[in-house]
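Residue numbers (the working numbering): 484 to 638.
We put the beta carbon where it would ideally sit given N, CA and C, even for glycine.
Read through the structure below, which is laid out as structure tokens, and then see the notes.
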């Protein structure tokens, strides 16, 4: 049976829509950062910057935008210390900074335990950064990042 052209187009459109969830342009999603997540992050490509940030931290948002300038040369991993229940607001901020590719948020474990899993010396100040070199050595920086620190990682 031959369908009219307008119905053929509608059918093609609907078939394409059905395939949408399987395309590479999936909507960004936050991963839940749990007690065992750090080794998975560390197992990825190096060098990288792991940045801890929060919605209620104005300097954090500024740092995210500055880090976005480095994303073509450096792996940027973000971990929001907010609740996973704040995912929509977190994704909005990350999308504004164009840093949604490796985005995590504290999971259901106690925040103190998650902080300890990242760094037993970290008391919770934000923003906090871990600059991990290709050989695995790391530099810890609280507050704003100096561009020369990032430059040293990519050289």
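Alpha carbon of residue i to alpha carbon of residue j, nearest angstrom
i	j	result
residue 595	residue 556	32 Å
residue 603	residue 621	15 Å
residue 599	residue 605	7 Å
residue 587	residue 516	6 Å
residue 637	residue 611	19 Å
residue 552	residue 593	33 Å
residue 504	residue 570	Low per-residue confidence applies at residue 504: pLDDT is 42, beneath 50, and the placement is therefore not dependable enough to give any value.
residue 508	residue 573	Its pLDDT being 48, under 50, residue 508 is placed unreliably in this model, and the value from its coordinates should be taken loosely. For residue 508 and residue 573, the distance between alpha carbons rounds to 19 Å.
DSSP three-state assignment for residue i, whether helix, strand or coil
i	result
residue 598	helix
residue 584	coil
residue 636	helix
residue 627	coil
residue 570	helix
residue 577	helix
residue 552	coil
residue 564	coil
residue 507	Unreliable positioning characterises residue 507 in this predicted model, as indicated by a pLDDT of 47, which lies under 50. The coordinate reading is nonetheless provided below. Correct three-state label for residue 507: coil.
Same chain, Cβ closer than 6 Å to residue i, neighbours up to 5 away in sequence not counted
i	result
residue 650	Since the displayed the chain opens at 484 and closes at 638, residue 650 lies outside it and no answer follows.
Residue from the options whose Cα sits closest to the Cα of residue i
i	options	result
residue 615	634, 565, 518 and 536	634
residue 589	566, 512 and 538	566
residue 577	547, 591 and 568	547
Close Cβ partners of residue i (< 7 Å) along its chain, the five nearest in sequence each way excluded
i	result
residue 520	587
Please confirm if the stretch 626 to 635 is in contact with the stretch 531 to 548, defined as three or more CB-CB distances below 8 Å between the two stretches. The stretch 626 to 635 vs the stretch 531 to 548: in contact.
With a cut-off of 8 Å, do at least 3 Cβ pairs link the stretch 581 to 598 to the stretch 559 to 568? Yes, they touch.
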